[in-house]
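Asker: Below you'll find the structure I mean.
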């Protein structure tokens, strides 16, 4: 219980104060029961404001604080750490969101928004009054990681982990490792063949004792939580259980397959970029590019196939990022084989970002011709025997119709997420609208998921090229290391709690837990529910199922919630 | 931080990549030293408004990272510091780091910001892209971590540096500029007494060194000082009695009350000593009393002297001649300061002058009764020093016919040019190469030679000799006897008198406290700023200012003061010409106001040397300077701004409280954005794409549309590169907000009379016509270039760069973040421009590389 | 409708200096041209690259109106040798079509 509460209301540099009268909120709640100190701040999260709060806590012996600012998603940890530095139990601090849930939602009525903010803060104060100190649980971690997907991202991640002293298990569903890189042909910037990179990594992996690779393997069961997962995998005919501290998903992508007749797909002379790359790699005749026994003289590329589909129902709205650079580089590879080739590129935007711009420039310099089309007016593909005829409304000459005849049409196909239905069912990994794995925060936490201990990297998180995939997989390795190297993790104590006197052992709660954290034990003279703290996520799903109100979540107890409701309805009560 | 330490990793640069890699390594248990050149970490990200594609507030997502970095147990942040050199040492690295002098003690500073409000020197605010000024004493920005003030001082301003007395000329000017005249008077008194007298007769070496001297003419510092003095004396016709807090029980005797003796008394009395001034005549002031009233009014001199004698611990003994130094010691004086000045000995005159009507110059100036007799008489003044000029000009004022004779050429005359010119302009005839015995037609002859040091007191003592010698501490051969002023140097000027007395007082103080005189430095000031440094800061284009026009009395030949004090308004106007050469002017307003006593101008840069196992270079990027693309008019047309400036205008800690355009503060209604300024352009030597500009332009466009719902916004592009996760959807969102997209890069911008802009472009997709669009504000989406200062610490070691001067990654596909030096890694935009999520990922890869490298080293491989 | 005929380039190109293909269609040159014909110079080069001989012939007057002032070339981000290219096109026209 707290009866010396400090309340800090934030201006958020205008984000709150533009729409809520912050001073009025502070003035109104300073008289609330239990409030010993109230203050406003311009940026509560800033270093100096935090130092001031720590001083206030220490000097005034505050035993609880309420911070009314933005969403706990942003600064819950920041302020919990601050409370700890001040000697206050972090669970006697309540975050009240008066920004996303107040100022930003009600930008047109300052008076009403202010009243709402006052109610919200009052509720926060009530909750804090009823709070008790809680201490995190310490769970020992295993210094091993499971990497699902043995493509370049998975392999490089394993090497990075191994270098840092963490045992890496790589589970690959195919019979050989390497993923998409095996067939990719020659890649930029070093002009090596994709499989050469895989061979390089494989050589290094073989030298190490702390990397295990399982091919023809998949994950069939997962139990446990961050720091200590028990994963059952089946590899060929073998079944094994791996005890790992974290799981990294590097399941890669699959190239988009155009539908029959989509831009002429189905005609023998219409192929995807991926297939074209293979053709180039296998071309043996010097000075000539041969396709189906014939010399190719004119090639056309159509970009954005299977990407940027904003008008198509259930289409892939995203940009596949790597294809503009890849197509331009491929065009250069083709020129290398036969400099007399005529190459035509039909694009929507040329997205050769960064230094990949130089491939586009080189391509132009060598004589490739570019045409711009709109999504609303895609090129019209027709054929006459083996000759393809493309009619495009070229935006570069203000919508003139241009007829491009060619021998080979290459559809620059994008990336599509692998379905991984079984895997996703087991892990319950969050999936975004674009069907790739979803990270917690795209800006600052690009490899973490909402599930503690499960990381995503490489193209499973979104389209990217090889160096970007490897970079992200090494970032995932870093995150894993920062998690596991200490040897333990602290688990949030805001987990479910059984009020033993009330529990009748009816077992209705058993099936409400998605994590299977509830079991039943004998306690003196009755059977009651028992929560496994390492597994329980504190989701609160079991709480409403109990007919006796015997379940509550610590930090959100019945008394706390009831007091919040009461204080929010204070005015209504008085009416 | 102690002088030498060992860390596992050194991270150079505290932007988002530097912070991310530091936190990751810190979480893994490694000890990290993060060095940041600005006073706060946060890099460029903290300055942004919102970020794409989520439109999160940039401050909101970076401040927790900044706080986490600063609060992390394993991370030490060294701010306001630069890594000067990184060398290999066996199997690790040593780094030399320079912590710049901030003049603020961070342990005491609370970040309250009072110093910033009190500071009188404006400089351009680099955190607001030079859109607004900030002060020399400043806190980087409101969300700064650490939130501590720093004071920017490039060196001592030339005017202050050249003053022999050490008066803070720049401080006086900056205070006057802000109308703080009383504060200026008090600042002056910190270094020297006799404000009024010096404001009249100082030769003003400060003005000769003033940087504006190379332009329209120097700032009239001495005239500004006049105003300060006059204003103070108007408010305080008599000084308040002063009593220092701790009166020391030590007595010091000062013999002679000329300017050096009086000043020495002042300095020593301020320190708390009991000072007794012995003066043989009936007035204090020495030779200052001889200066004619038209240059130095008597009441001013008297008031200055009163200011000194108002110290209750100064005792004045007029009409008292000291005959024996030994007796002074017996009387309890623990130290004696000889400042007896010079005297004139009639016996030394040439024989030819032993006639009735020859008066020696000094007697002439002393005996005012004789002046009436000069009327209409022919007066010959023989001599070439200032005293001679004074005599001539006094005679002129009493209606005499005056000629000045000198035995050699004009160039040999020791009088100041101004004095000679003024005398001639007032009507004196100048006769050069004249001979004393050939003088004709002279009713009166006034004879002026340089007086010699008055050593009469030394007769019979150990020090008796033809001249009084002092060492560098103004100390004679007898340790408790010091000397200063003309008695040591011969006839000189008031500046030398006061400066030697200041030095003497400093060393007498040390002497009386039994401190070795060699151990402390008298002049510990920062070296003067060099002229080319000042020029560089102003980009060789100094703002124009007006020339100084002195106010002079019209009827020059009166006995009243010739020079007049100018008005307060004019003073302020002249003071605004100050270029603030040294940055901070040391006006001490911050010192006075700091509630935590945190400001300390004796702080100097500190060198640290650390040993580290690995280094991560994360020094970020630089923006393309849009003025290089002259055809867009950036820097010429006020309403053409660049994207960083726009982001600042939109940021929560923005310079203006709304989106307004610079020329007239009008809210723009028809805005244009031009992409690819400085990128994809061989003409400015940057043919590659800067990756983030399309996206930040879409972001800004959306924010502007949100802030100005009725405005029209057009984006002129070559390609729209929205390639990342969520970016294409963001582009779509922008289109739906009604933002107009035109394919056709703007080729040229011209300004019309209303400061609106005409953009010339080819409307490629529409009809291919060349069009001119009129907009009221234009934002240039500038590209991002490499920050080549990343290479500076690598002098012996060679850090490879790529063709675009970024730090080279040796194998980007398999070994991201790895450089050409084993053990040195690179994170973020130092290696190639990238957006924030890619920088965060890259920092993760760098951390993995660094951690792997250290672990491998420790395994002994 | 234009049918792409990439053979035209080879006829016009005398040496590597004819680098019209480096153009990435930003439109800077056209917007700077003081003469003010739409077709100069970006669209002209595009027609040449596409091989639309008819269009080029139609535009003979405009092609010869170019002042060769280089205002476009000064700012071309891809360093296309615009004036040299125009000269080569003129030379081609003169020889092949105008019988010079």
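Protein chains in written order, with our numbering: chain E, 1467 to 2041; chain B, 68 to 928; chain V, 35 to 134. Backbone N, C-alpha and C fix where the C-beta goes; we use that ideal spot for every residue, glycine too.
1) Taking the alpha carbon of residue 500 of chain B as the point to measure from, which residue in B:475, B:817, B:617, B:666 has its own alpha carbon closest?
2) Quick one: grab the DSSP three-state call for residue 128 of chain B.
3) Output needed in chain order: residues of the stretch 102-117 of chain V with a Cβ under 8 angstroms from some Cβ in chain B.
4) To the nearest angstrom, how far is it from the Cα of residue 447 of chain B to the Cα of residue 404 of chain B?
5) Report yes or no: do the stretch 440-456 of chain B and the stretch 508-520 of chain B share at least 3 C-beta pairs separated by less than 8 angstroms?
6) Quick check on the burial criterion: 16 or more other C-beta atoms within 10 angstroms. Buried or exposed for residue 303 of chain B?
7) Kindly say whether residue 38 of chain V, judged by its beta-carbon, lies nearer than 8 angstroms to any beta-carbon of chain E.
8) For residue 641 of chain B, which of B:326, B:291, B:238 has the nearest alpha-carbon?
9) Can you look up residue 299 of chain B in the DSSP assignment and give me helix, strand or coil?
10) Pull the bridge partners of residue 1867 of chain E from the DSSP assignment, please.
11) Name the DSSP beta bridge partners of residue 841 of chain B, please?
12) In terms of alpha-carbon separation, which member of E:1889, E:1523, E:1638 lies closest to residue 1501 of chain E?
13) Within this structure, are the beta carbons of residue 754 of chain B and residue 1823 of chain E separated by less than 8 angstroms?
14) Between the stretch 1957-1976 of chain E and the stretch 2019-2028 of chain E, do three or more beta carbon pairs fall short of 8 angstroms?
15) Strictly under 8 angstroms for the Cβ-Cβ distance: is residue 827 of chain B near chain V by that measure?
16) Taking the alpha-carbon positions, what's the residue 89 of chain B to residue 695 of chain B distance?
17) So which of B:111, B:576, B:605, B:150 has the shortest CA-CA distance to residue 334 of chain B?
18) Between residue 790 of chain B and chain E, is the shortest Cβ-Cβ distance under 8 angstroms, so that the two count as touching?
19) Of the residues B:370, B:363, B:76, B:146, which one's Cα is nearest the Cα of residue 82 of chain B?
20) Check whether the stretch 1597-1607 of chain E and the stretch 1562-1572 of chain E touch, using three or more Cβ-Cβ pairs below 8 angstroms as the test.
21) Our contact map puts residue 354 of chain B next to residue 328 of chain B with C-beta atoms below 8 angstroms; I'd like the distance itself, whole angstroms only.
22) Residue 1895 of chain E and residue 1905 of chain E: beta carbons closer than 8 angstroms?
23) Measure from the alpha carbon of residue 1472 of chain E to the alpha carbon of each residue in E:1607, E:1528, E:1497, E:1577, then state which is nearest.
24) Skipping 5 residues on each side, what residues in its chain have a beta carbon closer than 7 angstroms to that of residue 91 of chain V?
25) To be precise: take each residue of the stretch 739-763 of chain B, compare its Cβ to all Cβ atoms of chain V, and keep it if any distance is under 7 angstroms. Which residues remain?
26) Among B:514, B:841, B:457, which one has its Cα closest to the Cα of residue 828 of chain B?
27) Comparing the C-beta of residue 768 of chain B with each C-beta of chain V, is any distance below 8 angstroms?
28) Taking the runs of the alpha helix (DSSP H) that are 4 residues or longer, which of them lie wholly in the stretch 240-303 of chain B?
29) The stretch 96-124 of chain B: which residues have C-beta closer than 8 angstroms to a C-beta of chain E, in chain order?
30) Just the chain V side, please: which residues come within less than 7 angstroms of residue 815 of chain B by C-beta, in chain order?
31) Compute the Euclidean distance between the alpha carbons of residue 105 of chain B and residue 84 of chain V, then round it to the nearest angstrom.
32) Comparing C-alpha positions only, which one of B:176, B:163, B:151, B:143 sits nearest to residue 678 of chain B?
33) Between B:231, B:233, B:387, B:205, which lies nearest to residue 220 of chain B when the distance is taken from Cα to Cα?
34) Within 8 angstroms (strictly less), CB to CB, does residue 812 of chain B reach chain V?
35) According to DSSP, is residue 1657 of chain E helix, strand or coil?
36) What span of residues does the alpha helix (DSSP H) with residue 715 of chain B cover, start to end?
Answerer: The relevant details are as follows:
1) B:475
2) helix
3) 108, 109, 110, 111, 112, 113
4) 39 angstroms
5) yes
6) exposed
7) yes
8) B:291
9) helix
10) E:1859
11) B:825
12) E:1523
13) yes
14) yes
15) yes
16) 36 angstroms
17) B:576
18) yes
19) B:146
20) no
21) Not confirmed; about 11 angstroms, so no contact.
22) no
23) E:1528
24) 131
25) 747, 748, 749, 750
26) B:841
27) no
28) 248-258, 262-268, 272-276, 288-302
29) 96, 118, 120, 121, 123, 124
30) 65, 66
31) 54 angstroms
32) B:163
33) B:205
34) yes
35) coil
36) 710-717
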